[in-house]
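The structure appears below as structure tokens.
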Amino acid sequence: MRAQPFQESVPAAETQAAKVVRDVARGRDLVTTEVVSNYLVAVADEMKRTVVRTAMSPVIYEVLDFSTGVFDRRGRLVAQTAGLAIFLGTLDWAVQAVLKKFGDDLHPGDVILTNDPYEGGGTHLNDVSVVAPVFDAGRLRGFVASRAHWMDIGGQVPLSVMTNATEIHQEGLLLPVVKAYERGRPNRQLIDTLTANIRQPETWKGDFGAQLAACHVGRRRLAELLARYGPEVVEDCIDATLDATERLTRERLEAMPDGRYRGVDFLDSDTVTGSPVRVEVAIEKSGADVTLDFTGSAPATKSSYNLTYCGLVSGCRVLLRAITDPHGPTNDGCFRPLTVKAPPGTVVNATKPSPVAMYGEVARRAIDAAWRALSEVIPQGLPAGHFGTICGQCMAGWDDRLAPSRYTSFSAPNGGGWGATPDRDGESALVCVSNGDTRNTPVEIIEARNPLMVTRYELRTDSGGPGKYRGGLGTTLEFLVETGGQYAATFAAGRAERAAFGLHGGRDGVTNRVTVTRDGKTIAGLGRSTAFLLEKGDLVTVESGGGGGWGDPRERDPRAIAEDVRLGYVSPEAAAGDYEWGTGP
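Following the working numbering, the numbering of the sequence shown begins with 18 at its first residue and continues without gaps.
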């Protein structure tokens, strides 16, 4: 499905008094609008808490790699929980795909599944949307939905995450927009097929059940709201809320200078061909509208590093929220001023059957290219570059310490360094821009559920880019493999070749890196490896990169340098070399 960019005209200017008169005439007051609006946000939040309480995979209940949302009968996003930021542009597309396919063939008790990146508003195959329509008096009134990262969706490798697939069918089961429940009755054939193809089916059933439970809660709460206020009042309140959010977004855009700005970033070399992969954007800001045009970006890669159009829109929405109203409510109104263009067949608008398992790396390069373009326009609003990847690991296999041995799995992102700003150092050990409010996995959970012992977890010295204000630090996470059973790891650590950029004389951070030490020898360059077989006694080291610096390092306050050295953030050698600290008379 190729949806059109979200755009609507700005409402005609009107005085506050005229607006109140109009609202009263329509039977809606401003207080009711606020109550309904906040109620809908609370519904999405209760759905989120339901998933956290009931899911079985740490990637969901600890990392929070999922999202929940509420939508009106037209499929417009009304409320979405804070969580995985990259889902901002895709969950509503899944709802619209449901409307497009089923239309009037939706009924109470229906539940629809999809993970299709091309026709179902998906991202990659592991991210599965569960959509449920909401009815009142037999009429469709809205939807509730949840998208979550399933640990496995079948395919060629454990956990279904590949860096070197050459077409999407290698990556796992592609689910079209299909009913998992119809009028409350389960589609046994579909569920049996999923069970037969997914590794750790009991874990999958628990996670799917958590999404179902969240949708059940959402439907019940929306039914209560509709019963209290009536569908007409609720729909009026939704319209008013979306319009208000649009006005706020446009006001913030109008405060920025008009113009055309260009930015370029690069993915690390294609894992199949070894060629560099260019991501280019031209940003046209005019009044209260903004267009991002990715013409000039490289063709789709031969590997898993590709992005579909809806994933690109999602990345652009993340950036738009960051520069307008990052702390306000998220709904369809936020995105009406945004238009996104990208030629089909490019790395940022790949077409079927291009593989997309590593879509997030491409989305982050698209965000970074736009980030770089806007850094000169709103220098007080955007920091220098950040480490720019999930820098994560997907590890799975047999734990032979148990009798009988048991299949285990572990997937999680790692925090890294963010860029410095004009008045402060960058933040350390935070997740990347696309991952929003996701978290790392506690060491206790890692060790309790997997044949791994964490031997080191610390900030990475000298990883932040030097500058008047230093870039934030990355982290070092080290595992000891304790199983002799078959155990494999796929690593997702982009920016292994090109570090986070500095600004205004600040220097780049350091790159991300993954190594394995075996029998005293180090195996390097594993940051984008697929199903790398680990052995008992291997030491796996995942090092996330640092953020870029801001300003000339020679202008850094000597007291700040001394404190960095004392805390171990900067080594004495780097302090002398990068900051000329301690070299004076």
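All C-beta atoms, glycine included, are put in the ideal place defined by N, C-alpha and C.
For this session: Flag this pair as touching only if the region 236–245 and the region 151–168 have three or more C-beta atom pairs under 8 Å; answer yes or no.
Result: Result yes; three or more Cβ-Cβ pairs closer than 8 Å.
Exercise. For the alpha helix (DSSP H) that E241 lies in, which residues bound it at each end?
Worked result: For E241, the uninterrupted alpha helix (DSSP H) run begins and ends at 218–246, by DSSP.
Exercise. Beta-carbon separation of T603 and P193 under 8 Å?
Worked result: Examination of residue 603 is not possible in this model, given that the chain is present from 18 through 602 alone.
For this session: Just grab the DSSP bridge partners of E475 for me.
Result: Answer by DSSP bridge pairing, in chain order: T493.
Exercise. My guess is that E597 and R576 are in contact by the Cβ rule of under 8 Å, so how many angstroms apart are they, rounded?
Worked result: Actually they do not touch by this definition, with Cβ atoms about 15 Å apart.
Problem set entry | Those residues which DSSP pairs with T131 across a bridge | Paired residue(s): S146.
For this session: Quick one: give me the first and last residue of the beta strand (DSSP E) that M15 is part of.
Result: The chain is shown only over 18 to 602; residue 15 falls outside these bounds and no answer can be derived.
Problem set entry | Per DSSP, the bridge partner or partners of I300 | Answer is Y278, L309.
Problem set entry | Nearest neighbour of L336, chosen from A548, I384, R245, V234 [CA to CA] | For L336, the nearest C-alpha among the options comes from I384.
Exercise. Taking the alpha helix (DSSP H) that D62 falls in, what are its first and last residues?
Worked result: Per DSSP, D62 belongs to the alpha helix (DSSP H) from 47–71.
For this session: Compare the Cα-Cα distances from K302 to each of A446, F283, A390, R200 and report the closest residue.
Result: Nearest of A446, F283, A390, R200 to K302, Cα basis: A390.
Problem set entry | V48 classed as buried or exposed, judged by whether at least 16 other C-beta atoms fall within 10 angstroms | Per the 10 Å Cβ criterion, exposed.
For this session: Please report how far the alpha carbon of Y278 lies from the alpha carbon of D46, in whole angstroms.
Result: Using only the alpha carbons, I get a separation of about 42 Å.
For this session: In the DSSP assignment, find the beta strand (DSSP E) that holds L355 and state where it starts and stops.
Result: Note, L355: beta strand (DSSP E), 355–358.
Problem set entry | Exposed unless 16 or more other CB atoms sit within 10 angstroms - verdict on N55 | N55 is exposed by the Cβ-count criterion.
Exercise. Between G502 and D417, what straight-line distance do the alpha-carbon atoms span, to the nearest angstrom?
Worked result: Each residue's alpha carbon lies about 6 Å from the other.
Exercise. Alpha carbon to alpha carbon, how far is V37 from G92?
Worked result: Residue placement at V37 is flagged as unreliable, the pLDDT there being 42, under the threshold of 50; the coordinate-derived value follows with that caveat. Straight through space, the alpha carbons of G92 and V37 are spaced by roughly 28 Å.
Exercise. Taking just the CA atoms, how far does G433 sit from G523?
Worked result: When rounded, the distance between both Cα atoms is 18 Å.
Problem set entry | the region 129–147 / the region 184–204 touching (three or more Cβ pairs under 8 Å) | The way I'd put it, the region 129–147 does touch the region 184–204; three or more beta-carbon pairs between them come closer than 8 Å.
For this session: Go through its chain and collect everything with a Cβ distance to T85's Cβ below 6 Å, but skip five positions before and after it.
Result: Only A61, M64, K65, T98, S163, A231 meet the Cβ criterion.
Problem set entry | Presumed contact (8 Å Cβ cut-off) between W415 and T500, rounded CB distance | Contact between W415 and T500 holds: their C-beta atoms lie close to 7 Å from each other, under 8 Å.
Exercise. CA-CA distance, W435 and L447?
Worked result: Going by the C-alpha atoms only, they are around 7 Å apart.
For this session: Alpha carbon to alpha carbon, how far is A317 from V289? Give it in angstroms, no decimals.
Result: Answer to the nearest angstrom: the Cα atoms are 12 Å apart.
Exercise. To the nearest whole angstrom, what separates the beta carbons of N529 and G562, a pair I think is in contact under 8 Å?
Worked result: Right, their Cβ atoms sit about 4 Å apart.
Problem set entry | Segment contact flag, the region 369–379 with the region 470–487, C-beta cutoff 8 Å, min 3 pairs | No: the two stretches stay apart, fewer than three of their Cβ pairs being nearer than 8 Å.
Exercise. How close, in whole Å, do the beta carbons of M412 and A506 come, if the pair is a contact with beta carbons under 8 Å?
Worked result: Confirmed, Cβ separation roughly 4 Å.
Problem set entry | Burial state of A541 (16 or more Cβ within 10 Å) | With fewer than 16 Cβ atoms within 10 Å of its Cβ, A541 is classed as exposed.
Exercise. Are V307 and E297 touching if we call contact CB-CB under 8 Å?
Worked result: Not in contact: V307 and E297 (Cβ atoms no closer than 8 Å).
Problem set entry | Pairwise C-alpha distance: V76 and L57 | Here the C-alpha atom of L57 lies approximately 26 Å from the C-alpha atom of V76.
For this session: Output yes or no for whether 8 Å exceeds the beta carbon distance between L157 and I170.
Result: Not in contact: L157 and I170 (Cβ atoms no closer than 8 Å).
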